[in-house]
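Q: Below: one structure in structure tokens.
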Amino acid sequence: MRIFTCGIVEDEELARALITKYVQRYSQLRLTWCIESLSDTVDEQQTPPVDLVFLDLLDKPNDSYRIGDGVRINADQFQSIIITTAYPESFVQSLGIRYSKVLTKPFTYPMFEQVVTQALALLEQ
Numbered sequence: 001m002r003i004f005t006c007g008i009v010e011d012e013e014l015a016r017a018l019i020t021k022y023v024q025r026y027s028q029l030r031l032t033w034c035i036e037s038l039s040d041t042v043d044e045q046q047t048p049p050v051d052l053v054f055l056d057l058l059d060k061p062n063d064s065y066r067i068g069d070g071v072r073i074n075a076d077q078f079q080s081i082i083i084t085t086a087y088p089e090s091f092v093q094s095l096g097i098r099y100s101k102v103l104t105k106p107f108t109y110p111m112f113e114q115v116v117t118q119a120l121a122l123l124e125q
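Going by full-length UniProt numbering, 124 is the number at position 124 of the sequence shown; the sequence numbering is gapless.
Following this line, the structure appears as structure tokens:
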């Protein structure tokens, strides 16, 4: 069984803790880094390349397009992105960023497991 590395970009402490807990529970994932902001991903020592990134789309309300631009600029360093957001997938699609799956907040472990399983299947193709 292949082990996939992952990173978390999430500004909310409780959400970071929940995703971290779920990652630890999912046997094929190993958490490599966890940061609060997309701007922190420019430091490769802090955020080495990983297979999968859980990305909270909106750091602050009304910043969606700035964040979308940041994701587009940094997308090449992420092999696969799971967007975590309270907004519908149609909103995510409107930003024109590359992502594998959307995990809509609030989410349970079964929802997390389903989305991660699908994203990892895409990585294995």
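Think of the CB as a built atom: it goes at the ideal place given N, C-alpha and C, for glycine as much as any other residue.
#1: When you compare each of Phe91, Thr47 and Lys105 to Thr5 by their alpha carbons, which one comes out closest?
#2: Would DSSP call Ile3 helix, strand or coil?
#3: I'd like to confirm the pairing. Which residues does DSSP put opposite Val9 in its beta bridges?
#4: Taking a contact to mean a Cβ-Cβ separation below 8 Å, would you say Glu12 touches Phe54 in this structure?
#5: Is the beta carbon of Val92 less than 8 Å from the beta carbon of Leu103?
#6: Comparing alpha-carbon positions, which option in Ile19, Arg30, Ile8 and Glu113 lies nearest Arg2?
#7: Here's a check: name, in chain order, each residue in its chain whose Cβ is nearer than 7 Å to the Cβ of Arg25, leaving out the five neighbours to either side.
#8: Out of curiosity, what's the CA-to-CA distance linking Phe112 and Ile35?
A: In this structure, then:
#1: Just measuring C-alpha positions, the residue of Phe91, Thr47 and Lys105 sitting nearest Thr5 is Thr47.
#2: In the structure shown, Ile3 sits in coil (DSSP, three-state: anything other than H, G, I, E or B).
#3: DSSP, once it has assigned bridges, lists Ile35 and Leu55 as partnering Val9.
#4: Contact flag unset, no.
#5: Here Val92 is not near Leu103, since their CB atoms are 8 Å or more apart.
#6: Nearest option by C-alpha distance: Arg30.
#7: Closer than 7 Å at Cβ, skipping near neighbours: Tyr109.
#8: Whole-angstrom Cα-Cα distance: 19 Å.
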